[in-house]
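Asker: Here my numbering is used: the first residue of the sequence shown is 242, the next is one more, and so on. My questions will all concern the structure given below.
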Amino acid sequence: HLEIYPNPSSPTNSAEEPCVFASIFLAVDSTQAATVTINNSGFETDNIATNGVEEITPASWTYSNPSSTLDLRFMVDGAALTGIASAHSGDQYFLAHANSVNSNISVSTIHQDTSLLWSTLSAGDILTVSAWTTYRSDTPGAADTRFWINNTDGSSISSAVMNVTTGASAGVWTERVWAYEITQSDINAAATGNWGAVNVQVGITGNAAFAQQVAFDDVSLDLAAIPEPTTAALFGFGGLALLRRRRKSA
Numbered sequence: 242h243l244e245i246y247p248n249p250s251s252p253t254n255s256a257e258e259p260c261v262f263a264s265i266f267l268a269v270d271s272t273q274a275a276t277v278t279i280n281n282s283g284f285e286t287d288n289i290a291t292n293g294v295e296e297i298t299p300a301s302w303t304y305s306n307p308s309s310t311l312d313l314r315f316m317v318d319g320a321a322l323t324g325i326a327s328a329h330s331g332d333q334y335f336l337a338h339a340n341s342v343n344s345n346i347s348v349s350t351i352h353q354d355t356s357l358l359w360s361t362l363s364a365g366d367i368l369t370v371s372a373w374t375t376y377r378s379d380t381p382g383a384a385d386t387r388f389w390i391n392n393t394d395g396s397s398i399s400s401a402v403m404n405v406t407t408g409a410s411a412g413v414w415t416e417r418v419w420a421y422e423i424t425q426s427d428i429n430a431a432a433t434g435n436w437g438a439v440n441v442q443v444g445i446t447g448n449a450a451f452a453q454q455v456a457f458d459d460v461s462l463d464l465a466a467i468p469e470p471t472t473a474a475l476f477g478f479g480g481l482a483l484l485r486r487r488r489k490s491a
């Protein structure tokens, strides 16, 4: 937001107008931010017993572990696990688990289609995925937290890896944030493949030999859309018209 008032010490002649117009045009906000709907983002839908653990996939999410049919995903309530006193918010959270027993599973993730459609995106738009994470104090915490942006069928478009211990401590919830800029190649592929909703995936890629466990809570997706150039120009011309109107009335 920019307010421009005439300087009483100088005349308001037409020679000043190009400079004033440039200032208004540059003040236009070039992004339009919006929060995208993710169902059961805080993992509160399932009714887990107080301070309990249940081996289920959170409601509205799909468990994804291509390396095995063994399900190593849990819903947890309160202080059920050593070193994690509570959820980040509410009562419950999701726990991803890497386990050496039976199948040597090193990947544990969940994903879902969001309310955002690929057909509404443009190159240059920014998608920001965030989640709060922590890990148990009695298990090695070297697992990597991973976020994915996928097309509708869950095929990865891009992903980011962040070690869960970096800048964090066991039992302390830490926000992890990843921003991805949509490319023209993404837009072309979405149009060719008739992609539907943007799919978001969170989980861990760890070391199965260490039985790593990472907790997730409050997953979110935000869109910062870049408006069409004509839209920004209209804002600029509107500001110029307003300034001229003020000068005439003065």
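In this text, a Cβ means the ideal position worked out from N, Cα and C, and glycines have one as well. These numbers come from a predicted model, not from an experiment.
Can you look up A432 in the DSSP assignment and give me helix, strand or coil?
Answerer: helix
Asker: Counting Cβ pairs, one atom from each stretch, are 3 or more of them under 8 Å apart for the region 318-333 and the region 417-432?
Answerer: no
Asker: Using beta-carbon positions only, say whether V441 and V370 come within less than 8 Å of one another.
Answerer: For the pair V441 and V370, the CB atoms are nearer than the 8 Å cut-off.
Asker: Taking the straight line between their C-alpha atoms, what separation do you get for A339 and A384?
Answerer: Cα-Cα distance, rounded: 8 Å.
Asker: Within 10 angstroms of the Cβ of E416, are there 16 or more other Cβ atoms? Answer buried if so, exposed if not.
Answerer: exposed
Asker: Which residue or residues does DSSP assign as beta-bridge partners of I423?
Answerer: Beta-bridge pairing links I423 to no other residue.
Asker: May I have the straight-line CA-CA distance separating N281 from P299, to the nearest angstrom?
Answerer: 8 Å
Asker: Taking only the alpha-carbon atoms, compute the straight-line gap between G293 and L322 and give it to the nearest angstrom.
Answerer: Each residue's alpha carbon lies about 9 Å from the other.
Asker: Going straight from the alpha carbon of D379 to that of P468, what length do you get?
Answerer: For D379 and P468, the distance between alpha carbons rounds to 49 Å.
Asker: Is it true that the CB of E296 sits closer than 8 Å to the CB of F315?
Answerer: yes
Asker: List the endpoints of the continuous beta strand (DSSP E) containing V455.
Answerer: Q454 to A466
Asker: Buried or exposed, going by whether 16 or more other CB atoms sit within 10 Å of the CB of S349?
Answerer: buried
Asker: Measure the beta-carbon distance from F329 to D459 and round it to whole angstroms, keeping in mind my assumption that it falls under 8 Å.
Answerer: A quick correction: the sequence has His, not Phe, at residue 329. Yes, H329 and D459 are in contact; Cβ-Cβ is about 5 Å, under 8 Å.
Asker: Output the distance between the C-alpha atoms of F457 and A337, rounded to the nearest integer angstrom.
Answerer: 8 Å
Asker: Where does the unbroken beta strand (DSSP E) through T303 begin, and where does it stop?
Answerer: T303 to S305
Asker: Does the separation of the CB atoms of W414 and T386 fall below 8 Å?
Answerer: In this structure, T386 does not lie closer than 8 Å to W414 by Cβ.
Asker: Looking only at DSSP bridge pairs, what is W389 linked to?
Answerer: S400 and Q442
Asker: Look up S349 in the DSSP assignment and say whether it is helix, strand or coil.
Answerer: strand
Asker: What would DSSP say about W359, mapped onto helix, strand or coil?
Answerer: It is helical.
Asker: Ends of the beta strand (DSSP E) at T276?
Answerer: Q273 to V277
Asker: Of the choices L368, Y304, G319 and N429, whose alpha-carbon is the least far from that of A274?
Answerer: L368
Asker: Just mark N404 as buried or exposed, buried being the case when its beta carbon has 16 or more other beta carbons within 10 Å.
Answerer: exposed
Asker: For F284, which three-state DSSP category applies?
Answerer: coil
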